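Asks: Here this note's numbering = 1-based position in the sequence shown + 4.
The C-beta atom is built at its ideal place from N, Cα and C for all residues, glycine as well.
The model shown is predicted, which means the values in this text are computed figures rather than measured ones.
Take this structure first; my questions come after.
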Amino acid sequence: MSYEVVDQIIFTGECMFPVVHTPQKNKNKDKYEYVIKVECDEATYKSLIKRGISRTTELKEFEGSDKTFITVRKTVGLNYVDKIPGPEVVDKDGKPMTDLIGNGSLVKVCALLRTYEHDGKTGLKLELHAIQVDELIPYIKPEKTTQVIPNPFKSNSAVAGQGKVDF
């Protein structure tokens, strides 16, 4: 089966957990992926489901937000990570952008609705294609903190100033 682009979908709104410049290993550690969670309303989501998009694509809410987000990703095989480019990322003026994007940034995400085949099954999926950052909230890497927590099972360890722990 050849893969065919069926449509182009534009999502506009806040984003969460963007990994768009350098791919990360997926949860199964067998592929790399570029990924972004972008605001998506229920009506848009339902229209995608009606069109036959994979049901593994779900809406998700995050603590502290009253919005729902859809995950859009581009998956790249381990052997192709240097050969297949990630999504194009531009600023509001269309200029290439390499800044790290923080949660809450306002973006437009272009996703391709395309066919796929996997284990003999076929369907439609969203594939991350391009991102325009309209309002950047810069990503700030959290400070590393090292907290030493004593082992209560060692005889010379103290917990909360109580000395040795007895069982």
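Hey, T16 and K112: beta-carbon distance below 8 Å or not?
Replies: Yes.
Asks: Who are the near neighbours of I141 in its chain, counting only those whose CB is closer than 8 Å to its CB and skipping five residues on each side?
Replies: Once the five neighbours on either side are set aside, the close Cβ partners of I141 are I105, G106, N107, G108 and S109.
Asks: Taking the beta carbon of K129 as the centre, do at least 16 other beta carbons fall within 10 Å, making it buried, or is it exposed?
Replies: Flag for K129 reads buried.
Asks: Answer with buried or exposed for Y36, where buried requires no fewer than 16 other C-beta atoms within 10 angstroms of its C-beta.
Replies: It counts as buried.
Asks: List the endpoints of the continuous alpha helix (DSSP H) containing L104.
Replies: No alpha helix (DSSP H) holds L104; DSSP gives it neither H nor E.
Asks: Look at the alpha carbon of M101 and the alpha carbon of P154, and state the distance between them as a whole number of angstroms.
Replies: Rounded to the nearest angstrom, the two C-alpha atoms are 45 Å apart.
Asks: Looking only at its chain, what residues have a beta carbon closer than 8 Å to the beta carbon of Q12, apart from the 5 residues adjacent to it on each side?
Replies: Excluding positions up to five away in sequence, the list reads C114, A115, L116, L117 and H133.
Asks: Could you give the first and the last residue of the continuous beta strand (DSSP E) run that contains Y84?
Replies: Segment: none, Y84 is in no beta strand (DSSP E) and carries neither H nor E.
Asks: Between K64 and T72, which are expected to be in contact by the criterion C-beta below 8 Å, what is the C-beta distance as a whole number of angstroms?
Replies: Confirmed, about 7 Å.
Asks: Quick check: what's the CA-CA separation for D45 versus D86?
Replies: Going by the C-alpha atoms only, they are around 34 Å apart.
Asks: Nearest by alpha-carbon distance to E139: which of E131, G98 and T126 is it?
Replies: Ranking E131, G98 and T126 by Cα distance to E139 puts G98 first.
Asks: Between G81 and the rest of its own chain, which residues show a CB-CB distance below 7 Å, the 5 nearest in sequence each way excluded?
Replies: Around G81: K35.
Asks: So which of G127, V152 and P89 has the shortest CA-CA distance to T3?
Replies: Outside the shown range of the chain (5 to 171) lies residue 3, about which nothing can therefore be said.
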